[in-house]
């Protein structure tokens, strides 16, 4: 309909119609109107809270006066803040790398399963991703329970001493990353599987004729063809993992000794539990520049490759 | 629509008349004049405990012809905390809300003064303990009224049999039902000896050192027992003192005899530890005993709630009161105050305490001897000493007497348990104190 409307030549008898009518006939107007509900939704649910968070982050502790970048300056001087920065980066980067590797490997396995049984495997492998994380993390909490860990019970059967899964800083970090990888890998798997299916079979045939090994086919055919999907999936996952809250909150609540706090959980601890909402808002906003830098690099690379093609 | 011009003279006259009426009849009593009231209560852990509150509110609503809507809001997942924060930001919500320990002070500017409610209640039910006053009163203004529902003492709850077997301590003889405690020997030296004996016997004490309330409260009481302050009442950081060094040394010794995973315990861990039969002693209100009564009656029969060990500066127990407060944006403040007054009467408090199987403790001096505590069983008298009927110990809160805004941060960020764990795990004393001082400096910002 938009196309038909756009094809109406100027100077036609309909020219006398009102300006509003003409405006409504424009492709861009129709596109805008169709996108309007989404724009409104994003404005209400994303733009307004983000703007409000920026506003809150510029207030003093009592929320009575404007302090500009005072809260950010204050954070730069806190050891705990830098610990949280380190942990957030460690958590997000490690988890994304492992999710990408596991997703890539599993996607290949599933891709090589005959089409008949593939659907069942795809469905089963997606289970960790489709269960609400707060619920599945509760199950992990029971497995890692300080005193009654089911995993330790299994280790004890083999005479291995129990592991303080959430009781010691190193193990607690390992535990939260493990759960994040368990939940997030299926997303990578399904994205990579879709990418694998779109790689033309002729390329592999040509590579085989040229005598390419299994590794060479992966390196010179599969990976280049999947690069954009890998980059976008990694970026998306990086954003979501950085902004994670539920896994850490349920599993360790940031402990022991603040050793597993990430931006989201520490912002909650400081802002809501501790009653310092402006500082909590400042902590949560700190994710923005880090993610903006990551997004710029990853997306720039995609654009570059897009123009090369 | 009728419009009326209000000139200055008429406005002053009208305001004066309204103020006079309000002073003369502060609470709404007459039919058809009371309007609506919305109340947010804390959703009680103990099954059925909400019913007493519900019945009392209905009774009051019928008598005063007020249409009351009640919400019981769980503190699980911080829902009550989030509701409070949201209502404070939106300046809209319930008229009366349950405020946990530190929240009256946090929202002091948004709460209606309750002096006119508290003064008659104190006259009638006796004074409140210093901790309630510290948490609920600021610059002479009562910010909220201490609630019965949810207020608790987190004293030791011990296994009678295991303490006797491993440590040779007869806890019932020290804290006999119906009598004043004879617990001079229940001091910190004997406490650590008992912890060692029980650990060697395979049933250690279960004292959490995580970052949640139970752990922080236990640590807070022991810090008080040594007179160890981090920040004084004036707001000065005084963490580098001998008392703090002493309590850290004491905890380091004690921690050797606790389960190795206590730094990661949450508020459920100690309960599970006791109910499972592994532990000899935990610091908790009688909810662990109530669960044992239901799920492990043979363990419940051996549980006895009693007082804290005495330290160099006294015997302190953590008291965590809930409060009922009225937002200043409430449209029916007089009815709200009337309802709170009704809920705070001795008879109402007793009903709530009974419904909670003795878990709830009113904050007023004369209301700590209800029958329920003497009669609850098994074993009979297990809760007799729970409400501190003989004022045997000083009821306290961790981080007091620091100014509220600092103390709340010390409490929620679990600075005391973090100090204990850092030092016990081998960090040098000075490094631990430096770390704490830096954190405290951050909490002092305005």
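Protein chains in written order, with the numbering used here: chain A, 1 to 309; chain B, 1 to 446.
Just so you know, even glycine gets a beta-carbon here, dropped at the ideal spot from N, CA and C.
Being a predicted model, the structure only gives us computed values, none of them experimental.
Proximal residues of chain B, C-beta to C-beta of residue i below 9 Å
i, result
"residue 61 of chain A", "405, 445, 446"
"residue 74 of chain A", "442, 445"
"residue 117 of chain A", "Going along chain B, no residue has its Cβ under 9 Å from residue 117 of chain A, so there is no contact; the nearest lies around 41 Å."
"residue 51 of chain A", "Residues of chain B passing the Cβ test: none, with the nearest at roughly 15 Å."
"residue 280 of chain A", "Going along chain B, no residue has its Cβ under 9 Å from residue 280 of chain A, so there is no contact; the nearest lies around 10 Å."
Residues near residue i in its chain [Cβ-Cβ closer than 8 Å; skip 5 each side]
i, result
"residue 83 of chain A", "258, 259, 261"
"residue 354 of chain B", "52, 370, 372"
"residue 295 of chain A", "235, 239"
"residue 193 of chain B", "167"
"residue 58 of chain B", "68"
"residue 173 of chain A", "87, 90, 91, 259, 260"
"residue 307 of chain B", "155, 156, 175, 181, 183, 186, 315, 317, 385, 388, 392, 393"
"residue 295 of chain B", "275"
Residues sharing a beta bridge with residue i, DSSP
i, result
"residue 200 of chain B", "Partner(s): none; residue 200 of chain B has no beta bridge."
"residue 157 of chain B", "B:282, B:305"
"residue 317 of chain B", "B:395"
"residue 324 of chain B", "B:98, B:145"
"residue 67 of chain B", "B:36"
"residue 205 of chain B", "B:281"
Chain A residues whose Cβ lies nearer than 8 Å to that of residue i
i, result
"residue 332 of chain B", "Those do not exist, as residue 332 of chain B stays about 27 Å from chain A at its closest Cβ, beyond 8 Å."
"residue 106 of chain B", "275"
Partners in chain A for residue i, counting only beta-carbon separations shorter than 9 Å
i, result
"residue 416 of chain B", "Simply none; closest approach about 13 Å."
"residue 412 of chain B", "269, 270, 273, 274, 275"
"residue 78 of chain B", "268, 272, 273"
"residue 85 of chain B", "271, 272, 275, 277"
"residue 409 of chain B", "270, 274, 275, 276"
"residue 422 of chain B", "257"
"residue 211 of chain B", "253, 254, 255, 256, 257, 258, 269"
"residue 81 of chain B", "272, 273"
Contacts of residue i in chain B (Cβ-Cβ under 7 Å)
i, result
"residue 146 of chain A", "261, 264, 265, 269"
"residue 173 of chain A", "Residues of chain B passing the Cβ test: none, with the nearest at roughly 13 Å."
"residue 68 of chain A", "Result: empty, since nearest Cβ-Cβ is about 14 Å, beyond 7 Å."
"residue 170 of chain A", "Correct list: empty, because the minimum Cβ distance to chain B is about 13 Å."
Own chain partners of residue i with C-beta closer than 7 Å, once the 5 adjacent residues on each side are dropped
i, result
"residue 146 of chain B", "128, 132, 136, 321, 323, 363"
"residue 300 of chain B", "289, 292, 293, 378"
"residue 437 of chain B", "237, 239, 240"
"residue 181 of chain A", "95, 98, 99, 102"
"residue 56 of chain A", "277, 278, 281"
"residue 349 of chain B", "148, 362, 367"
"residue 424 of chain B", "251, 252, 255"
"residue 164 of chain B", "170"
"residue 221 of chain B", "308, 316, 317, 318, 396"
"residue 269 of chain B", "208"
Neighbourhood of residue i by C-beta distance below 6 Å, restricted to the same chain and skipping five residues each side
i, result
"residue 164 of chain A", "171"
"residue 186 of chain B", "174, 309"
"residue 281 of chain B", "156, 158, 205"
"residue 249 of chain A", "265"
"residue 225 of chain A", "199"
Partners in chain A for residue i, counting only beta-carbon separations shorter than 7 Å
i, result
"residue 366 of chain B", "The contacting residues do not exist; residue 366 of chain B stays about 33 Å from chain A at best."
"residue 273 of chain B", "147"
"residue 438 of chain B", "79"
Contacts of residue i in chain B (Cβ-Cβ under 8 Å)
i, result
"residue 164 of chain A", "260, 261, 264"
beta-carbon residue i near the ligand MN non-hydrogen atom, thresh 8 Å
i, result
"residue 39 of chain B", "For the ligand MN, the structure offers nothing, since it holds no ligand at all."
Cutoff 9 Å: residue i Cβ touching any chain E Cβ
i, result
"residue 408 of chain B", "The structure shown contains no chain E; its protein chains are A and B."
Original post:
Which residues, in chain order, does the region 253-270 of chain A contribute to contact with chain B at a C-beta distance below 9 Å?
Top reply: 253, 254, 255, 256, 257, 258, 268, 269, 270
Original post:
Given 8 Å as the limit, is there contact between the region 48-58 of chain B and the region 151-163 of chain B, that is, 3 or more CB pairs closer than that?
Top reply: no
**OP:** Take every Cβ of the region 256-265 of chain B, pair it with every Cβ of the region 229-244 of chain B, and state whether three or more of those distances are shorter than 8 Å.
**Re:** no
Original post:
How do the region 394-410 of chain B and the region 82-90 of chain B stand: do at least 3 beta-carbon pairs fall below 8 Å, yes or no?
Top reply: no
Subject >> Short-range partners of chain A found in the region 153-181 of chain B, where Cβ spacing is below 9 Å >> reply: none
**OP:** Report the residues of the region 294-308 of chain B with a CB closer than 7 Å to any CB of chain A, ordered along the chain.
**Re:** none
Subject >> Inter-stretch contact (C-beta, 8 Å, three-pair minimum) for the region 136-154 of chain A and the region 185-199 of chain A >> reply: no
**OP:** Answer yes if the region 71-86 of chain A comes into contact with the region 261-273 of chain A, meaning at least three C-beta pairs across the two stretches below 8 Å, and no otherwise.
**Re:** yes
Original post:
Any contact of the region 43-63 of chain A with the region 193-205 of chain A, i.e. 3+ C-beta pairs under 8 Å?
Top reply: no
Original post:
Counting pairs of Cβ atoms below 8 Å between the region 226-234 of chain B and the region 400-408 of chain B, do you hit three or more?
Top reply: yes
Original post:
the region 81-114 of chain A: which residues have C-beta closer than 7 Å to a C-beta of chain B, in chain order?
Top reply: none
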